[in-house]
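In this note's numbering, the protein residues as written are 1 to 681.
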C-alpha cells in the first residue's frame, strides 16, 4: 500500500493538566467520524483515556495514539498527559511528532506545565499552532492569554481568530483570514457551522486584529508585504500558504479560540493542523549515527530507502506481549520481515503491524516512512531503540529522560508472590523509562523509583489491578545522589591465582569533582606510546568497572553524579594481565579514591510553581519557606498570583494537603525536578 506523504500529518496535543486536551481530542474524533458519540472525560467515557485509572482520576496517564481522516488527509494524533509526573510520556511523543497543537486554558493562561512542554517542543524543533480553550468559563480572557504566551513562552503569538464574546456570552469566533463570523449549531452537537458577515459593532475590532495579522506576516513574507503596501487585496490562499511556510520554520505561531466542551471551535483547528503543520517529508531529515562508519548522517523521509524506525513507546498487552510503538523514518516494514535492532545488534521478527485507535487496533499490511504504527513480535526492543537493517546500521538520537526523584519500598504479601512481583515490575519499567527498580543491599528491600507521588501511586495501583500482585508499599523516600568534593589520586593492585595461573593488575585513578549538572566522565590519560603494547580489552575492562562503580555509589549506595575519573597509570604484564583482574583493580581503586575525596550527599531540589488566589498568597509563600524552600519570584495575574520557588524534595511530602487547607482548596501547585544540591545538615 503506497502512502502519500503530502497528505499525512503526525501531530500531538500538549498542554498543562486540565486545559482540555482529551476533551478537544474527543471532539476531533467525533467530527472526523472516528467515533459515533462524544466521550466526556468527566463521565469517564473518553475514548483516549481508556485505562481504568484514567477514567477514575479524570486525567491522562499514558499517551494514546489514534488515526483520523479529514478532507483527504490522514492525521496520526497522540494525546499526551498534562501532569508533570508523566512528563516522559510527553517527551517520547514529541520526539516522533512533526507538529503539535498547544492548548491553553483561557482562564489560567500559560500554566507551569505548558512552559515545560513548550521547552520540550523547542528542543525537538516541533512546529506548533495554538488553541485558547475554555472561552466559556468565568474569567476567560483570550487577549490576556495571548499576552501571557508572548511574555512567558517568548514567542509572538498571532491570532487567526478572535472570540465573539467571552464567559457565558461566548458564542463563536471571527475568522480573520476569511473575515467571517462562525457559530456552531448546538442541535447538531456543533457539527454544523454557521457562517455570517461580521456585525458592524465588531468590524472595527476585527480589522484591528487583521492588521496585526498582516504586520506579523509581513515580517516573514515578502509577497504579502508587497501586496499589502500596494493596497491590493491579499488572497486567502496566499495568506494560508505564507502562514504555512512560516509555521514550518517556527517563525510564526498562529492561535485559534474555542470552547471544546461546548463544541465550539474544533473544526477550524483540524483544518489548521492540515493547512499549517508539516507533512513528514517537509520536516528536516532525522539525524542518525552510522555505527560502522562512525559518523553522523541525515536520514530523509523516503519509503524507497533502507528501513529505519524508532521505538518510542512500549506497552504490555496480556495476550499479544510487547506492543512496540514505532515511528518510521525511512523504508518500509511488512509483517514477516526480520528487522535489526541496531543498538542491541540483534535480529527481531515482525509478526504483525497494527494501526492503533486508543486501545483498539486494526491490522496493516505495511508501515512506511513517515507513518506511526505498532509492531508485535519484537521482544528485545525498548523505548529509544533504533530498528532497521544490518546493511544500514544507523542509530537515531536517543531520548533523554529526567532522573527519578522519589522512591518507595515494595514487598509481596506472601513469598509465593515474589516472582510474580518482580516479573510485573520488569514489565512496568520496560513500558516507562522513568520508573526504575533496584535491590537495597543493606536492608534487602526492593526499591521502586519514579517522578512523583502520583506517578508511583498510579504504578503501584496498576500492580494490584492490572497484574493482580498482592504487595505492601512503604512510605515515599527521597532518592539521593553521592559525589566528591576533593581531588584524590590512588593506586590499587589486585592479584589472584585462578586454576594455577596468577592474574595480577595495577591501576592508578585520579578522582575529582565536576561542575554540578555536567555528569560523570571517564578519561584515559595514558600516553599512546605507552599504551601501544596494552590490548584494548584491558582499557575497556577499566572503563567498564568505573561505569559500574558510578551506579553503586560511595558510602550509602546512592548513584554517583558529577564525578571525573582519569586513568593515569596502568601496570601490565602479558603473562599475568587478564581483563577481569583490571576490572577488579579499577573497582577497588575507585572505592578507595572516592572514600578519600571528601564524599558528599546530594538531595533533589524541586522547582515549585504555585498558583494561588491573591488573598492566600502570603500563607502559600510562608508554607514554602517553612519547608526550607526559597521563593524566587511572584507574578500577579488577573485571576491569581503565581509563585516560583525552589524547595528540597524531602520536605515537600504532603504539601498539597497543606496548600489546599490554607487556600480553601483554591490554590494549585506543580513540582518538577530542578537539580541536585548538597544536603544541608
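Think of the CB as a built atom: it goes at the ideal place given N, C-alpha and C, for glycine as much as any other residue.
Since the structure is predicted, the reported quantities are computational estimates derived from the model, not experimental observations.
Check, Outcome
"Helix, strand or coil at residue 364 according to DSSP, with G and I counted as helix", "coil"
"Within 8 Å, strictly: CB atoms of residue 348 and residue 381", "yes"
"Closest Cα partner of residue 644 within the set 631, 308, 330 and 430", "631"
"Residue 134 burial status per 10 Å Cβ neighbour count (16 or more: buried)", "buried"
"Separation of residue 282 from residue 522, as counted between CA atoms", "40 Å"
"Status (buried if at least 16 other CB within 10 Å, exposed otherwise) for residue 280", "buried"
"Span separating the alpha-carbon of residue 334 from that of residue 420", "34 Å"
"First and last residue of the uninterrupted beta strand (DSSP E) at residue 304", "Careful: residue 304 lies outside any beta strand (DSSP E) and carries neither H nor E."
"Cβ distance (whole Å) where residue 404 is taken to contact residue 479 below 8 Å", "6 Å"
"Span separating the alpha-carbon of residue 670 from that of residue 439", "30 Å"
"Secondary structure of residue 219, DSSP reduced to three states", "coil"
"Straight-line gap, residue 368 to residue 5 (C-alpha atoms, nearest Å)", "9 Å"
"Residues near residue 176 by beta carbon distance below 8 Å, same chain, minus five either side", "159, 160, 161, 162, 206, 209, 210 and 213"
"CA-to-CA distance, residue 450 to residue 171, given in whole angstroms", "44 Å"
"8 Å contact criterion, which residue 387 and residue 351 should meet: CB distance rounded", "That belief does not hold up - the Cβ atoms of residue 387 and residue 351 are roughly 14 Å apart, past 8 Å."
"Beta-carbon separation (whole angstroms), residue 676 vs residue 516, contact threshold 8 Å", "7 Å"
"Where the beta strand (DSSP E) through residue 346 begins and ends", "346-349"
"Beta-carbon proximity check, residue 620 vs residue 633, cutoff 8 Å", "no"
"C-beta contact flag for residue 164 and residue 179 at 8 Å", "no"
"Under the three-state DSSP convention, the category residue 455 falls into", "helix"
"Residue span of the alpha helix (DSSP H) that contains residue 655, given as start and end", "655-662"
"Delimiting residues of the alpha helix (DSSP H) encompassing residue 240", "236-248"
"Residue 283 (DSSP reduced to helix, strand or coil)", "coil"
"Proximal residues to residue 413 (C-beta, below 7 Å), its chain only, five neighbours per side dropped", "470, 471 and 472"
"Span of the alpha helix (DSSP H) around residue 571", "Premise fails: residue 571 lies in the beta strand (DSSP E), 563-571, not in any alpha helix (DSSP H)."
"Beta-carbon spacing of residue 524, residue 567 below 8 Å", "yes"
"Bounding residues of the beta strand (DSSP E) (the contiguous stretch that carries residue 264)", "It is not in any beta strand (DSSP E) - residue 264 carries neither H nor E in the DSSP assignment."
"Segment limits, alpha helix (DSSP H) that includes residue 526", "Run containing residue 526: none; DSSP gives neither H nor E here."
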